[in-house]
Amino acid sequence: MSTDMSMFSLDGLTAVVAGASRGIGFGLANGLAKAGASVIGFGRSTVSEGASFDYRQCDLNDGEAVTGLIRDIETQSGGIDVYVHVAGITLPSDSDVQPVEIFSKTLETNLTSAYRTCSLIGQSMARRRRGSIITVASIGALMGFPGNPGYVAAKGGLRMMSKALALDLGPSNVRVNCIVPGYIQTDMTAGSFNDPAKNQDRASRTMLGRWGQVEDMVGVAIFLASGASAYATGADFIIDGGWTAKGL
C-alpha cells in the first residue's frame, strides 16, 4: 500500500450518501466529492444550495422506492464503493413518557431504514468483494439523554448494527464502521445552539470548549471511505470534542 497522501484519494470511487439534503449528510457528501469520489446523495427533502454532488429525492421509509433507486445507481455506476448512512430524525417529547407512536416512528426512520439500505448495498458490495459502509450515530448511542428515548435507542442500535454487519460482511472484504458525533451545529441542533444557556452547557462538556462543525467530520469520513482505513472495521470513531472521555 502507498504511504503517501494518495492513500486518501477517492478518485474513481462511487459513493452514495443517505440524508444528504442538509446538515451532516450534505457536508459529508460535499467532502467526499471534493476528495475525488463520484457522489450521489439522496433524501426526503430538496437539497440545500451549494451541492457539488448529484442528488435524488427519495423517502428512506419507502422501501420499494429506495431499493429501486439503489439498483438504478448500481446499474449506472457499475457498483457502489462507499455508502454513508446519515439520515435521521429527532422527535423529543415534553412528557414524562415518550408516546409509543413517536418512539416507533423514530426507530423506523433512524434504524430500520438504515438496516434496509446497509444490508442491500452490503450484499452488492460482498458480491464485488469490496466496499466501505459508514454509519453516523450520535453520542446518544453511548450515553443517556432526557426526553428522547426513541432517538437514543435508535442510535445505540445503529452503532451495534454496524458491528454486526462488519462481522457478517468482513469475509467478503466489506468494511463497516460507525462515526459517533457529539453536538454538531446543524439545523437539527439549532434549538440548543441558539439558546445561550444550552449552547454554553454543551460546549462546556467538551475538552475543546466548543461545538463541533460539520467540517470536523469530513476528514474521518474520507479516511473511512479510502484505502487508508483498509484494516479498520467494526469500529467506532468518536468525534465529540472529548465529551465522552471527559472526567472532572
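With the numbering used here applied, the sequence shown covers 3 to 250.
Ideal placement from N, C-alpha and C gives every residue a C-beta, glycine not left out.
Among the residues of its own chain, which have a CB less than 8 Å from the CB of residue i, if the five just before and after it don't count?
i: Asp64; result: none
i: Arg132; result: Asp83, Asn175, Val176
i: Lys248; result: Arg207, Thr208, Met209
i: Ser231; result: Ser134, Arg177, Asn179, Phe225
According to DSSP, which residues form a beta bridge with residue i?
i: Asp56; result: Ile42
i: Gly221; result: Per DSSP, none; premise fails for Gly221.
i: Thr137; result: His87, Cys180
i: Ile241; result: Pro183
i: Gly214; result: Ile186
What are the boundary residues of the alpha helix (DSSP H) that residue i is part of?
i: Ala17; result: Unbroken run through Ala17 is the beta strand (DSSP E), 16–20; no alpha helix (DSSP H).
i: Asp74; result: 65–79
i: Val49; result: Counting along the chain, Val49 falls outside any alpha helix (DSSP H), and DSSP gives it neither H nor E.
i: Gly33; result: 25–36
i: Phe195; result: 192–195
i: Gly159; result: 151–171
i: Tyr117; result: 115–130
i: Ser206; result: 198–206
i: Lys248; result: Per DSSP, Lys248 belongs to no alpha helix (DSSP H) and is neither H nor E.
i: Phe105; result: 102–109
What does the Cβ neighbour count give for residue i, buried or exposed, with the cut at 16 atoms within 10 Å?
i: Lys157; result: buried
i: Gln251; result: Not covered by the structure: residue 251. The range shown for the chain is 3 to 250.
i: Met127; result: buried
i: Tyr153; result: buried
i: Asn32; result: buried
i: Arg129; result: exposed
i: Asn112; result: buried
i: Thr48; result: exposed
i: Ser8; result: exposed
i: Tyr233; result: exposed
i: Val102; result: exposed
i: Gly52; result: exposed
i: Leu250; result: exposed
i: Gly45; result: buried
i: Arg73; result: exposed
i: Thr77; result: exposed
i: Gln187; result: buried
i: Gly146; result: exposed
i: Val99; result: exposed
i: Pro173; result: exposed
Could you pull out every residue in the same chain whose Cβ sits closer than 6 Å to the Cβ of residue i, ignoring the five residues on either side in sequence?
i: Asp56; result: Ile42
i: Gly27; result: Val19, Gly21, Val88
i: Ser79; result: Thr16
i: Ala37; result: Leu12, Ile224
i: Ala39; result: Leu12, Leu15, Ala17
i: Thr208; result: Gly243, Gly244, Trp245
i: Pro94; result: Gly149, Asn150
i: Gly229; result: Met9
i: Asp238; result: Cys180, Val182
Starting from residue i, trace the beta strand (DSSP E) both ways and give me its first and last residue.
i: Tyr85; result: 84–87
i: Val182; result: 176–183
To which residues of the same chain is residue i closer than 7 Å at the C-beta, ignoring the five residues directly before and after it?
i: Leu30; result: Val19, Val86, Val88, Met219, Val220, Ala223
i: Tyr117; result: Met163
i: Ala155; result: Leu109
i: Thr92; result: Asn150, Tyr153, Met190
i: Val178; result: Ile135, Ser164, Leu167, Ala168, Leu171, Thr235, Gly236
i: Ala67; result: Cys60, Asp61
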